[in-house]
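Engineer: Heads up: the sequence shown is residues -23 to -1, 1 to 368, going by mature numbering (1 follows the signal peptide of the UniProt record, and there is no 0). Even for Gly, the Cβ is constructed at its ideal location relative to N, Cα and C.
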Amino acid sequence: MKSRMRRVLLTTWMAAWMAGVSAGLVGCSNEDANTPTEGFAGLGAQAEGYAQASAAAPLAFPEDHGPHPDYRIEWWYLTANLEDESGHPLGLQWTLFRQALVPPEERPASTPWASDQVWMAHMGLSQGETHLAAERFARSHSEQPQGQAGVIAAPFQAWIDDWLFQSPATANFEQFTLSAYSGEGTERFGYELTLSAEGPLVWHGENGFNAKTVEGQGSHYYSQPFLRIEGSVTLNGQQKAVTGNGWLDREWSSQLLTAEQTGWDWFSLHLNDGRKLMAYRLRGGGENGGDYLFTHLFDAEGTTQQMGTDHITLTPLTTSRVAQRDIPTTWQLTLPNAGLDLTIEARDPNRWMPTTVPYWEGDVTVRDTATQAALGVGYLEMTGYEDLSAE
């Protein structure tokens, strides 16, 4: 009886989710969200009544490690490039998304059944031709810090059900543990990790405000790209010890994009010389209707070497048919002012996330375009590519 009631409540809540938050990141498909008035996944929809991201509000810690319920959308986004004990590469992702259902002035009073925030979490694990993904949903009220899902700034905790990413009270966003598993029996997969920061937090843009369009829409955005990781993963019925590097992204906004922007191609790269590189191409939102490109290159101390929209090119070189879409799985990225000409290639094209908002997310290799010498590894996320199955 309890199981049946839970299914009924979940079905009812999911129907409300799909109807009520189609103007936000969660709860709508790529195909439905690419409309002239909302942009990719509704991230270009107008957001009256919500707090707006701008450079006028510099980042502040530890508060900004926690949630910002007055903003419409937010995420805590971890990717990792790892190796198992045999030296075989492995990639993983864990992300917690928060979506406000109503602007702050329209919040319902706090009761056991009232909700003004919804949560979505993704986990992904990839090695060779194997790629596994899982998704969870929850709801909460912004005045109730404990519940099925949520985030606390200090001591840092981010969770949904038993998926838990946290930092001990004595660490200042520098030591973490992450535990997330999905499935049962031989189909069970997941990871148990310890993460240690070996460098500073990095702010992207002016005072941590990162513009995403020439019109000025954007997000508060910072990263911890210097994570050293060790632990274990469970995959294909085996438990494996792993080590490697991680990158944690933090963003919150109310209107991230413009209505014309149809998706993005996002890179986070660990270069062998200790430098880190974040770059993206937003399709639309640039000058004269073109693409909007941004990059941030910094050294092992977090000192910026290049940041902004100038002197960067991102060019797709080859595509692969993935989930009935033509997905660019080899790229050329050039930063002439930094002397970088990089070829970035997916380790395997099969890194599709078949989640409520579907997208491609996977580990990549980085080579020098001229010499083909290995220069590093990283992660690539691509959204908004057209489903061609009807052709």
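Got a sec, what are the start and stop residues for the beta strand (DSSP E) serine 173 sits in?
Structural biologist: Numbered from 1 along the sequence shown, position 196 holds the residue referred to as residue 173. 166 to 174 is the span of the beta strand (DSSP E), which, as asked, contains serine 173.
Engineer: May I ask you to report which of helix, strand or coil DSSP gives alanine 315?
Structural biologist: Translated into the one-based positions of the sequence shown, residue 315 becomes position 338. Reduced to three states, the DSSP call for alanine 315 is helix.
Engineer: Are glutamate 51 and glutamate 228 touching if we call contact CB-CB under 9 Å?
Structural biologist: As a first step, residue 51 must be located in the sequence shown, where it is residue number 74. As a first step, residue 228 must be located in the sequence shown, where it is residue number 251. Result yes, Cβ atoms of glutamate 51 and glutamate 228 sit closer than 9 Å.
Engineer: Put aspartate 41 into one of helix, strand or coil per three-state DSSP.
Structural biologist: Counted from its first residue, the sequence shown places residue 41 at position 64. Of the three classes helix, strand and coil, the one that applies to aspartate 41 here is helix, per DSSP.
Engineer: Which class does glycine 361 belong to by DSSP, given the choice of helix, strand or coil?
Structural biologist: The sequence position of residue 361 within the sequence shown is 384, counting from 1. It is coil, neither helix nor strand.
Engineer: Which of helix, strand or coil does DSSP assign to threonine 107?
Structural biologist: In the sequence shown, residue 107 corresponds to position 130, counting from 1. Correct three-state label for threonine 107: strand.
Engineer: If you compare alpha carbons, which of Ala188, Ser200 and Ser144 is closest to serine 173?
Structural biologist: The count along the sequence shown starts at 1 and reaches residue 173 at position 196. Looking at the Cα atoms, Ser144 is the closest of the given residues.
Engineer: Measuring alpha carbon to alpha carbon, tell me which residue in Leu310, Thr295, Ser92 and Ser87 is nearest residue 377.
Structural biologist: With the chain covering only -23 through 368, there is no way to say anything about residue 377.
Engineer: When DSSP labels each residue in this structure, what does threonine 72 get in the three-state scheme?
Structural biologist: Here residue 72 is taken as the residue at index 95 of the sequence shown, counted from 1. Note: threonine 72 maps to strand in three-state DSSP.
Engineer: Could you check how far apart the C-beta atoms of proline 326 and valine 343 are, in whole angstroms? I think they sit under 8 Å.
Structural biologist: By 1-based counting over the sequence shown, the position of residue 326 is 349. By 1-based counting over the sequence shown, the position of residue 343 is 366. With 8 Å as the limit, proline 326 and valine 343 do not qualify as a contact, their Cβ atoms being about 17 Å apart.
Engineer: Using a C-beta cutoff of 9 Å, does asparagine 58 count as contacting chain C?
Structural biologist: The structure shown contains no chain C; it is built from a single protein chain.
Engineer: Using the DSSP secondary-structure output, state which residues sit across from residue 387 in a beta bridge.
Structural biologist: Residue coverage of the chain in this structure runs from -23 to 368, which leaves residue 387 outside it and unanswerable.
Engineer: According to DSSP, what are the bridge partners of valine 210?
Structural biologist: In the sequence shown, counting from the first residue as 1, residue 210 sits at position 233. Valine 210 pairs with Tyr168 and Lys217.
Engineer: With DSSP collapsed to three states, give me the class of proline 66.
Structural biologist: In the sequence shown, the residue the question calls residue 66 occupies position 89. Strand at proline 66.
Engineer: Excluding the five sequence neighbours on either side, which residues of its own chain have a C-beta within less than 6 Å of the C-beta of alanine 323, listed in chain order?
Structural biologist: For the purposes of this step, residue 323 is taken as the residue at position 346 of the sequence shown. So the qualifying residues of the chain are Thr306, Gly339 and Val341.
Engineer: Alanine 111 and aspartate 138: beta carbons closer than 9 Å?
Structural biologist: The sequence position of residue 111 within the sequence shown is 134, counting from 1. The sequence position of residue 138 within the sequence shown is 161, counting from 1. Cβ atoms of alanine 111 and aspartate 138: not closer than 9 Å.
Engineer: Measure the Cβ-Cβ separation of phenylalanine 166 and tryptophan 71 and say whether it is below 9 Å.
Structural biologist: The residue labelled residue 166 in the question sits at position 189 within the sequence shown. The residue labelled residue 71 in the question sits at position 94 within the sequence shown. Annotated as distal: phenylalanine 166 and tryptophan 71, with beta-carbon spacing of 9 Å or more.
Engineer: Whole-angstrom Cβ separation of valine 128 and tryptophan 180, contact assumed at under 8 Å?
Structural biologist: For the purposes of this step, residue 128 is taken as residue 151 along the sequence shown, with counting starting at 1. For the purposes of this step, residue 180 is taken as residue 203 along the sequence shown, with counting starting at 1. With 8 Å as the limit, valine 128 and tryptophan 180 do not qualify as a contact, their Cβ atoms being about 20 Å apart.
Engineer: Is it right to say threonine 333 is buried, meaning 16 or more other beta carbons lie within 10 angstroms of its own, or is it exposed?
Structural biologist: Within the sequence shown, numbered from 1, the residue matching residue 333 stands at position 356. Buried, because 16 or more other Cβ atoms sit within 10 Å of the Cβ of threonine 333.
Engineer: Rounded to the nearest angstrom, what separates aspartate 47 and serine 231 at their Cα positions?
Structural biologist: Here residue 47 is taken as the residue at index 70 of the sequence shown, counted from 1. Here residue 231 is taken as the residue at index 254 of the sequence shown, counted from 1. Going from the Cα of aspartate 47 to the Cα of serine 231 covers about 9 Å.
Engineer: Who are the near neighbours of aspartate 345 in its chain, counting only those whose CB is closer than 6 Å to its CB and skipping five residues on each side?
Structural biologist: What you label residue 345 is simply residue 368 of the sequence shown in a count that begins at 1. Excluding sequence neighbours, aspartate 345 sits near Leu352.
Engineer: Among the residues of its own chain, which have a CB less than 8 Å from the CB of leucine 270, if the five just before and after it don't count?
Structural biologist: Start at 1 with the first residue of the sequence shown, and residue 270 comes out as number 293. Correct list, in chain order: Ala256, Tyr257, Arg258, Leu259, Gly263, Thr286, Ile289, Thr290 and Leu291.
Engineer: Nearest to glutamine 216 by alpha carbon, out of Trp224, Trp136, Ser63 and Leu274?
Structural biologist: Taking the sequence shown and counting its residues from 1, one reaches residue 216 at position 239. Sorting Trp224, Trp136, Ser63 and Leu274 by C-alpha distance to the C-alpha of glutamine 216 places Ser63 at the top.
Engineer: Note the first and the last residue of the continuous beta strand (DSSP E) segment covering histidine 247.
Structural biologist: Reading the sequence shown from its first residue, position 270 is the one you call residue 247. Where histidine 247 is concerned, the enclosing beta strand (DSSP E) stretches over 241 to 248.
Engineer: Per DSSP, what kind of secondary structure is threonine 333 in: helix, strand or coil?
Structural biologist: Taking the sequence shown and counting its residues from 1, the one referred to as residue 333 is at position 356. Threonine 333: coil per DSSP, three-state reduction.
Engineer: Please work out which residues of its chain come closer than 7 Å, Cβ to Cβ, to arginine 302, disregarding the five sequence neighbours upstream and downstream, and give them in chain order.
Structural biologist: For the purposes of this step, residue 302 is identified with residue 325 of the sequence shown, where counting begins at 1. Closer than 7 Å at Cβ, skipping near neighbours: Tyr362, Glu363, Asp364 and Leu365.
Engineer: Looking only at DSSP bridge pairs, what is isoleucine 321 linked to?
Structural biologist: Stepping through the sequence shown from its first residue, residue 321 is reached at position 344. Trp308 and Val343, per the DSSP bridge assignment.
Engineer: If you draw a straight line from the C-alpha of glycine 102 to the C-alpha of tyrosine 198, how long is it?
Structural biologist: In the sequence shown, residue 102 corresponds to position 125, counting from 1. In the sequence shown, residue 198 corresponds to position 221, counting from 1. Checking the sequence shown, residue 102 turns out to be leucine, not glycine. Going from the Cα of leucine 102 to the Cα of tyrosine 198 covers about 25 Å.
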